[in-house]
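Undergrad:
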Amino acid sequence: MKTYNVNEKGYYGEFGGAYIPEMLYPNVEELRQNYLKIMAEPEFQKEFNQLLKDYVGRPSPLYFAKRLSEKYNTKIYLKREDLNHTGAHKINNTIGQILMAKRLGKHRIIAETGAGQHGVATATVCALMGLECIVYMGEIDIARQAPNVARMKMLGAKVIPALSGSRTLKDATNEAIRDWINNPVDTHYIIGSVVGPHPYPDMVARFQSIVSEEIQWQLKKHEGKTKPDYVIACVGGGSNAAGAYYYFLDYDEVKLIAVEAAGLGIDSGESAATSVLGKEGIIHGSKTLLMQTNDGQIIEPYSISAGLDYPGVGPMHAHLYTSGRAEFISITDSEAMKAGLELCQLEGIIPAIESAHALAIFEQKTFKPDDIVVVSLSGRGDKDLETYINHFSL
Amino acid sequence: MNRINQKLQQDKKLLSIYFTAGYPNLNDTVTIIQNLEKSGVDMIEIGLPFSDPLADGPTIQASSAQALKNGMTTNLLFEQLKDIRKTVKIPLLIMGYFNPILQYGVEAFCKRCNEIGIDGLIIPDLPVDVYNEEYKMTFEKYGLINVFLITPQTSEERIRYIDSISNGFIYMVSSASVTGSQTGFGKEQTDYFKRIADMTLNNPQIVGFGISNNKTFTQATQHTKGAIIGSAFIKHLSKNCVDTIDGFVKSIEK
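Line order of the protein sequences matches chains E and C. Residue -18 is where the first sequence starts when you use the working numbering, and the numbers rise one by one after that. Residue 582 is where the second sequence starts when you use the working numbering, and the numbers rise one by one after that.
Right under this line is the structure:
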């Protein structure tokens, strides 16, 4: 049977695998051998679900956006991950991974972060569990995301600037991987997206799959059916999309749309639209689509949204793209900002700029009046106020 | 017989030097190789620079970034090396990350190496299984030895597996670290060197990571066939011109 999930060797079609230096092999192999077993333990499930409910505030609402639906003459539901504790879907994964780390006997946690959302979500669960937390963040991102840096510090995390390369997310990830090489025994690396060596993309997708699990029964209540016609999500690395798609992957009648950041435009040289601009290669231990020179050097992406500013895409999404299972659409900075403001004014919700990219789809694509369209509202826009202020001269 | 295998048969501790191609200056590659051979170095690892060298510390990262800024590319490196065998006899390996090689085309890359007279490759992020299943035949077709890494955390079973598919030497990473981060070896490391030596593997071991001077070279080679110096040599090049290579090498082997 055709499947869009990972195979036993850690590949999605031709993408994925674990292209890692031998120094990382024992850690990654330990995780690979144990992650499914641990996730299947009733005790693990119980603790994970309890925390998602009482601490994160799940289930997150599936909200029928009436005025937005009227404007675009279709039925739009918003999956409100923005209402989670810490303000985005990221915490679903960090809760899962911190419980995983504890069961593996690790007491030192490292993470990478771009805008700081995953860093905050990691620092949060480390505080919750009383574990040491080190977050790598590009020096440039530290300067432009001061509130999240302060949050991480308040939560007890140590924030270490990544000084190499472009000093942004890609380099923060490199530094986190180097830390793991240097600390192979006591440390767990909480990757923030469906990227990295197998089993990370699959493990993170499973922790995020709660999103589509809930969509099914919530939609049943609203519409009397479990499957929408469309699921739309933004894709940087792709963790919110992976979660929103997960239980619909093998049902072709549910159309999947991935929205990438076009930045200043696909041909501008300032973009993060990996599906269009990337080709097959290896980044952070995974074979996937990535933006690179002809010589195989990785290119710096650009997007107004720090969460989409990544030169690769998770291997699951590379496969969804090349197989045609998901439609990939690119949205520019200004289209996303406009859609973000529109949601504020029509629905009273200030979205993260990442999520605003997904919302911009309605200006690009026409849906039928009776189509049920679920949009993953992956995060709230509090962190982006300064960008909104500058963009709209508020 | 491959030059690496010939060299490994010599009754001496081998000194291998790594440098990043295109650093400090774009066209230093050939001069550095020639000067290293003249100074008595046994083997050279030519670093193909990569934008995101995951297993390397700040020194090699910085040299790679500078080399790329200088304009180094895979094609240019091959162009610089095309007549290298007219003057240089010692084994030459190319060390680089997998993505640039994948983009060049693995077979095309191996073919070019063969034409130039490259003897082996070290690709830290090419997994053992992927090599064994997909690329081993290609490497062998072009007479290239692929060198695998082991670390203090590598299990005995895996070391034996790696030994079974190696046909040159095993690159023994001295400790859990990226390159250039150690200042000396303690008991933990010398115990590890001895533990591996006692396994009496088919392939000799050469130690890398953390060797920077005569003392660490001597410690590293007590139980092994040789040692590789990378970051310390790059640091030397960053402060001194390529004419001073002889002095650096003599200070290691004195």
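For each residue, glycine too, the CB sits at the ideal point set by N, CA and C.
1) Within its chain, find whatever has a CB closer than 8 Å to the CB of E/T105; leave out the 5 residues flanking it on each side and keep chain order.
2) Can you check whether the C-beta of C/L707 is within less than 9 Å of a C-beta belonging to chain E?
3) What in chain C is Cβ-close to E/P42, meaning under 9 Å?
4) Where do the N-terminal and C-terminal ends of the beta strand (DSSP E) with E/E113 fall, by residue?
5) Below 8 Å on the Cβ atoms is my contact criterion, and I expect E/I115 with E/R148 to pass it. Report the Cβ-Cβ distance as a whole number of Å.
6) Taking 9 Å as the cut-off, decide whether the C-beta atoms of E/K364 and E/N129 are in contact.
7) Of all the CB atoms in chain C, is at least one closer than 9 Å to the CB of E/S145?
8) Is the beta carbon of C/I740 less than 9 Å from the beta carbon of C/I787?
9) E/S256 and E/A299: beta carbons closer than 9 Å?
10) According to DSSP, what are the bridge partners of C/F720?
11) Apart from the five residues just before and just after E/Q78, which ones in its own chain have a Cβ nearer than 6 Å to its Cβ?
12) Using only the alpha-carbon positions, how far apart do C/I625 and C/S762 sit?
13) Using only alpha-carbon positions, find the residue among E/E11, E/L33, E/K139, E/M118 that is nearest to E/G86.
14) Considering Cα atoms alone, identify which of E/M118, E/L270, E/Y181, E/L327 is closest to E/S304.
15) Please report the distance separating the alpha-carbon of C/N695 from that of C/Q661.
16) Please check if any C-beta of chain C sits within less than 9 Å of the C-beta of E/H265.
17) Just tell me which of E/R361, E/I158, E/G329 has its CA closest to the CA of E/E335.
18) DSSP beta-bridge partners for E/M133?
19) Where DSSP assigns a beta bridge to E/A142, which residues make up the other side?
20) Chain E beta carbons: is any one of them nearer than 9 Å to that of C/R739?
21) Could you check whether the Cβ of E/N155 sits closer than 9 Å to any Cβ belonging to chain C?
22) From C/Y752 to C/D592, what does the alpha carbon distance come to, in whole angstroms?
23) C/Q642 touches chain E at which residues, Cβ-Cβ below 7 Å?
24) For C/N727, which residues does DSSP report across the bridge?
25) Whose C-alpha, out of E/V354, E/L301, E/Q326, E/T94, is nearest the C-alpha of E/E(-5)?
26) Does the contact criterion of 3 or more C-beta pairs under 8 Å hold for the stretch 763 to 770 of chain C versus the stretch 788 to 803 of chain C?
27) Name the residues in the stretch 600 to 626 of chain C whose C-beta lies less than 9 Å from a C-beta of chain A; which are they?
28) So with Cβ pairs under 9 Å, would you call C/V830 a contact of chain E?
29) How far does the alpha helix (DSSP H) with E/E316 in it reach, from first residue to last?
30) Answer yes if the stretch 619 to 637 of chain C comes into contact with the stretch 812 to 831 of chain C, meaning at least three C-beta pairs across the two stretches below 8 Å, and no otherwise.
31) Verify the contact flag: E/S357, CB atom, against every heavy atom of the ligand GDP, threshold strictly below 8 Å.
32) Going by C-alpha to C-alpha distance, which of C/T732, C/A801, C/Q647, C/Y604 sits closest to C/C822?
33) Can you find a CB in chain C that lies within less than 9 Å of the CB of E/E261?
34) Whose C-alpha, out of E/D233, E/A(-1), E/L289, E/A143, is nearest the C-alpha of E/A339?
35) Taking the alpha-carbon positions, what's the E/P40 to E/S252 distance?
36) If you measure from the beta carbon of E/K151 to each beta carbon in chain C, is any gap under 9 Å?
TA: Inspection of the coordinates gives the following:
1) Sequence index remark: in the first sequence, residue 105 of chain E carries index 124 (1-based). For E/T105, where only same-chain residues beyond five positions count, the Cβ hits under 8 Å are H66, T67, I72, T75, L136.
2) Residue mapping note: residue 707 of chain C aligns to position 126 of the second sequence, counting from 1. Closer than 9 Å: yes.
3) What you label residue 42 of chain E is simply residue 61 of the first sequence in a count that begins at 1. In chain order: nothing, as chain C lies at least about 40 Å away.
4) The residue given as residue 113 of chain E occupies position 132 in the first sequence. Counting along the chain, the beta strand (DSSP E) containing E/E113 begins and ends at 113 to 119.
5) To locate residue 115 of chain E, count along the first sequence from 1; it is residue 134. To locate residue 148 of chain E, count along the first sequence from 1; it is residue 167. Contact between E/I115 and E/R148 does not hold, since their C-beta atoms are separated by about 17 Å, which reaches or exceeds 8 Å.
6) For this step, residue 364 of chain E is matched to residue 383 along the first sequence. For this step, residue 129 of chain E is matched to residue 148 along the first sequence. For E/K364 and E/N129, yes; Cβs fall inside 9 Å.
7) As a position in the first sequence, residue 145 of chain E is number 164, starting the count at 1. True, the Cβ-Cβ gap to chain C drops below 9 Å.
8) Within the second sequence, the letter at position 159 stands for residue 740 of chain C. Within the second sequence, the letter at position 206 stands for residue 787 of chain C. No, Cβ-Cβ distance for C/I740 and C/I787 is not below 9 Å.
9) Along the first sequence, one-based indexing puts residue 256 of chain E at 275. Along the first sequence, one-based indexing puts residue 299 of chain E at 318. In this structure, E/A299 lies closer than 9 Å to E/S256 by Cβ.
10) Taking the second sequence and counting its residues from 1, one reaches residue 720 of chain C at position 139. Its beta-bridge partners do not exist; DSSP assigns none.
11) Translated into positions along the first sequence, residue 78 of chain E becomes position 97. Apart from sequence neighbours up to five positions away, the residues of its chain that approach E/Q78 with a beta-carbon distance below 6 Å are I171, ordered along the chain.
12) What you label residue 625 of chain C is simply residue 44 of the second sequence in a count that begins at 1. What you label residue 762 of chain C is simply residue 181 of the second sequence in a count that begins at 1. Approximately 21 Å between the Cα atoms of the pair.
13) Taking the first residue of the first sequence as position 1, residue 86 of chain E is located at position 105. If we check each option's Cα against that of E/G86, E/E11 comes out closest.
14) Residue numbering aside, residue 304 of chain E sits at position 323 when the first sequence is read from its first letter. That would be E/L270, whose Cα lies nearest to the Cα of E/S304.
15) By 1-based counting over the second sequence, the position of residue 695 of chain C is 114. By 1-based counting over the second sequence, the position of residue 661 of chain C is 80. About 15 Å.
16) Counting from one through the first sequence, the residue named residue 265 of chain E turns up at place 284. It does: the Cβ of E/H265 has a partner Cβ on chain C nearer than 9 Å.
17) Along the first sequence, one-based indexing puts residue 335 of chain E at 354. Ranked by how close their Cα comes to the Cα of E/E335, the residues E/R361, E/I158, E/G329 have E/R361 in first place.
18) For the purposes of this step, residue 133 of chain E is taken as residue 152 along the first sequence, with counting starting at 1. For E/M133, no pairing in a beta bridge is given by DSSP.
19) Counting from one through the first sequence, the residue named residue 142 of chain E turns up at place 161. It is worth fixing the name first, because residue 142 of chain E is Pro in this sequence and not Ala. DSSP lists E/M118 as partners of E/P142.
20) The residue given as residue 739 of chain C occupies position 158 in the second sequence. Interface residue, yes.
21) Stepping through the first sequence from its first residue, residue 155 of chain E is reached at position 174. Yes, E/N155 counts as interfacial toward chain C.
22) Translated into positions along the second sequence, residue 752 of chain C becomes position 171. Translated into positions along the second sequence, residue 592 of chain C becomes position 11. Answer to the nearest angstrom: the Cα atoms are 19 Å apart.
23) Here residue 642 of chain C refers to the residue found at position 61 of the second sequence. Result: S145.
24) Counting from 1 along the second sequence, the entry for residue 727 of chain C is found at position 146. Looking at the DSSP output, C/N727 bridges to C/L702.
25) Here residue -5 of chain E is taken as the residue at index 14 of the first sequence, counted from 1. The shortest C-alpha separation from E/E(-5) is found at E/L301.
26) yes
27) Protein chains E and C are contained in the structure displayed, whereas chain A is not.
28) Translated into positions along the second sequence, residue 830 of chain C becomes position 249. No, because no Cβ of chain E sits closer than 9 Å to the Cβ of C/V830.
29) Mapped onto the first sequence, residue 316 of chain E falls at position 335. First-last of the alpha helix (DSSP H) with E/E316: 314 to 328.
30) yes
31) Of the ligands one can find in the structure shown there are none, so the ligand GDP has no counterpart to examine.
32) On the second sequence, position 241 is the one that residue 822 of chain C refers to. Out of C/T732, C/A801, C/Q647, C/Y604, C/Y604 has the C-alpha closest to the C-alpha of C/C822.
33) Position 280 of the first sequence, counted from the first residue, corresponds to residue 261 of chain E. Closer than 9 Å: yes.
34) Numbered from 1 along the first sequence, position 358 holds the residue referred to as residue 339 of chain E. The shortest C-alpha separation from E/A339 is found at E/L289.
35) Along the first sequence, one-based indexing puts residue 40 of chain E at 59. Along the first sequence, one-based indexing puts residue 252 of chain E at 271. Computed Cα separation, rounded: 34 Å.
36) Here the question's residue 151 of chain E lines up with position 170 in the first sequence. Yes, contact with chain C.
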